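As structure tokens, the structure follows; a few thoughts come after it.
Protein chains: 2
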Amino acid sequence: MGKGESTREAILRHAIVVASRVGLSGLTIGRLAQELDLSKSGLFSHFHSKEALELQVLEYGAARFVENVVKPALAAPRGLPRLQALFDRWLTWSQSDPSSGGCFFVAMATELDDRPGPARDLLVRLQRSWIDLLAGVVAAAIREGQLRPDSDPDQLAHDAYGAMLAYHHASRLLDDPAAEERARRSFASLLDARRTPAS
Amino acid sequence: MGKGESTREAILRHAIVVASRVGLSGLTIGRLAQELDLSKSGLFSHFHSKEALELQVLEYGAARFVENVVKPALAAPRGLPRLQALFDRWLTWSQSDPSSGGCFFVAMATELDDRPGPARDLLVRLQRSWIDLLAGVVAAAIREGQLRPDSDPDQLAHDAYGAMLAYHHASRLLDDPAAEERARRSFASLLDARRTPAS
Numbered sequence: 006m007g008k009g010e011s012t013r014e015a016i017l018r019h020a021i022v023v024a025s026r027v028g029l030s031g032l033t034i035g036r037l038a039q040e041l042d043l044s045k046s047g048l049f050s051h052f053h054s055k056e057a058l059e060l061q062v063l064e065y066g067a068a069r070f071v072e073n074v075v076k077p078a079l080a081a082p083r084g085l086p087r088l089q090a091l092f093d094r095w096l097t098w099s100q101s102d103p104s105s106g107g108c109f110f111v112a113m114a115t116e117l118d119d120r121p122g123p124a125r126d127l128l129v130r131l132q133r134s135w136i137d138l139l140a141g142v143v144a145a146a147i148r149e150g151q152l153r154p155d156s157d158p159d160q161l162a163h164d165a166y167g168a169m170l171a172y173h174h175a176s177r178l179l180d181d182p183a184a185e186e187r188a189r190r191s192f193a194s195l196l197d198a199r200r201t202p203a204s
Numbered sequence: 006m007g008k009g010e011s012t013r014e015a016i017l018r019h020a021i022v023v024a025s026r027v028g029l030s031g032l033t034i035g036r037l038a039q040e041l042d043l044s045k046s047g048l049f050s051h052f053h054s055k056e057a058l059e060l061q062v063l064e065y066g067a068a069r070f071v072e073n074v075v076k077p078a079l080a081a082p083r084g085l086p087r088l089q090a091l092f093d094r095w096l097t098w099s100q101s102d103p104s105s106g107g108c109f110f111v112a113m114a115t116e117l118d119d120r121p122g123p124a125r126d127l128l129v130r131l132q133r134s135w136i137d138l139l140a141g142v143v144a145a146a147i148r149e150g151q152l153r154p155d156s157d158p159d160q161l162a163h164d165a166y167g168a169m170l171a172y173h174h175a176s177r178l179l180d181d182p183a184a185e186e187r188a189r190r191s192f193a194s195l196l197d198a199r200r201t202p203a204s
């Protein structure tokens, strides 16, 4: 990684923390410059505009998610083991501190849902592709004979998303010590309701 | 309702819309005064401080929720019919526009989870009491013999919350036309997995 690239990465890493805390709307080039002790002109040379900064922060968060959750889980055998690996790593990701992106996409979803524009459009594309990936792994588990053929992959992916949002709510807002166990039970129940007798 | 009370209500009604859109942190007495064409001193006479305003907005949202969701549903027979009525009215509430409070608590949860203070404390109390109320209705359904005795009321309440958060995400961010149907199926599956043969 060149010096320019590693500076850019350090900026984006900090930007995710800021955006998770104060929202994308509170993430300004001036604020980043001050907090990272860089010049505003230096930051502009990396990001050109606030809008470009927002899009790059979202892309950076997505790249971290793929690196930490998707890629390692794809090493698991297809079907149920891969689905379980995706959920386990997603949960670990959700537990990580903001600098790793843990609560980033949940914060973005609430902030951007009523803010039309390129950042919202990109977030929607990213979230849809994640849900579609989950649904695709469910469909594979059906083809492998592990889940019943009448299982609806999109519904299961949707419900898995709900389990993760409930985990966020219980752990981050309610400080529920059982949050992680509840999330695991939610997901296990979603699978158990659809398992074939053989699996 | 006296004139002072109806002014206060009009202010809080607008404050919920603002807070849903820009967060509680963006809700200032100056902004409210400007948008409602009232004097800042008049607003201060109602709310005294930004912190008091925040707490009253949360209390007002909770009162609307009780009025629109909890009270009417408590008219249904206890146990499963009441649980279903709570979910149905909660879904209707979530679909309502911000001036009715629809997305208000979801927005508050994401904003306040990492902002310690009286507003967060109050939100946690309000959300816990709602989840406890749901769990209490589940426990009644178990006593009525409608749900299996080994059902965990807290887990079901937690999962119902997840179904509602997934509904928000699918409908408000992803514009998924199937969001409502998915939410109803999620909740029906939660009940079906725990129903006694008799119910």
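Protein chains in written order, with our numbering: chain A, 6 to 204; chain B, 6 to 204.
Here a beta-carbon is modelled for each residue, glycine too, at the ideal position from N, C-alpha and C.
Note that the coordinates shown come from a computational prediction; the quantities given were computed from them, not determined experimentally.
Residue i at chain B interface by Cβ criterion, 9 angstroms
i, result
"L117/A", "yes"
"L17/A", "no"
"Q100/A", "no"
"I132/A", "The sequence given here has Gln at residue 132/A, not Ile. Yes - at least one Cβ of chain B is within 9 angstroms of the one on Q132/A."
"Q207/A", "Any question about residue 207/A goes unanswered here, given that chain A covers just 6 to 204."
"I136/A", "yes"
"V75/A", "no"
"D159/A", "yes"
"V62/A", "no"
"G9/A", "no"
"R94/A", "no"
For residue i, the residue or residues it bridges with in DSSP
i, result
"R3/B", "Past the boundaries of the shown model lies residue 3/B; chain B is included only from 6 to 204, so the question cannot be answered."
Helix, strand or coil at residue i [DSSP, three-state]
i, result
"H53/B", "coil"
"R189/B", "helix"
"A15/A", "helix"
"L179/B", "coil"
"D119/B", "coil"
"S25/B", "helix"
"D159/B", "helix"
"D42/A", "coil"
"A168/A", "helix"
"A80/A", "coil"
"L5/A", "Residue 5/A lies beyond the range of chain A shown here (6 to 204); nothing can be said about it."
"S101/A", "coil"
"G9/A", "helix"
Min CB distance residue i to chain A below 9 angstroms
i, result
"A20/B", "no"
"G167/B", "yes"
"H51/B", "no"
"V143/B", "no"
"L178/B", "yes"
"S156/B", "no"
"Y65/B", "no"
"L4/B", "Residue 4/B lies beyond the range of chain B shown here (6 to 204); nothing can be said about it."
"G28/B", "yes"
Cβ shell of residue i (< 8 angstroms), same chain only, five flanking positions each side left out
i, result
"G28/B", "A112, E116"
"L17/B", "Q61, V62, Y65"
"A114/B", "L128, Q132"
Residues of its chain near residue i, where Cβ-Cβ distance is below 7 angstroms and the 5 sequence neighbours each way are ignored
i, result
"L60/A", "P123, A124, L127"
"S25/B", "P103, C108, F109, A112"
"H95/A", "Residue 95/A is actually Trp in this sequence, not His. For W95/A, where only same-chain residues beyond five positions count, the Cβ hits under 7 angstroms are V74, M169."
Residues of its chain near residue i, where Cβ-Cβ distance is below 6 angstroms and the 5 sequence neighbours each way are ignored
i, result
"V23/B", "L32"
"A168/A", "A188, S191, F192"
"H51/A", "R13"
"I136/B", "A162"
"S176/B", "A184"
"S194/A", "none"
Residue i versus residue j - alpha carbon distance
i, j, result
"R148/B", "K76/B", "22 angstroms"
"D197/B", "Q151/B", "10 angstroms"
"A146/B", "D157/B", "11 angstroms"
"R83/A", "V142/A", "7 angstroms"
"S99/A", "L37/B", "36 angstroms"
"V74/A", "F110/A", "14 angstroms"
"K55/B", "T97/A", "37 angstroms"
"L88/A", "L88/B", "31 angstroms"
"H174/B", "L170/A", "9 angstroms"
"L139/A", "H163/A", "9 angstroms"
"S204/A", "L85/A", "9 angstroms"
"R15/A", "P121/A", "Here residue 15/A turns out to be Ala, not Arg, going by the sequence shown. The straight-line gap from Cα to Cα measures roughly 28 angstroms."
"I34/A", "A81/B", "54 angstroms"
"S44/B", "R69/B", "26 angstroms"
"R179/A", "D118/B", "In the sequence as presented, Arg is not what sits at residue 179/A; that position holds Leu. Computed Cα separation, rounded: 8 angstroms."
"Q160/A", "G9/B", "49 angstroms"
"R130/B", "Q39/A", "37 angstroms"
"S101/B", "L48/A", "41 angstroms"
"R200/A", "R153/A", "6 angstroms"
"D155/B", "A20/A", "46 angstroms"
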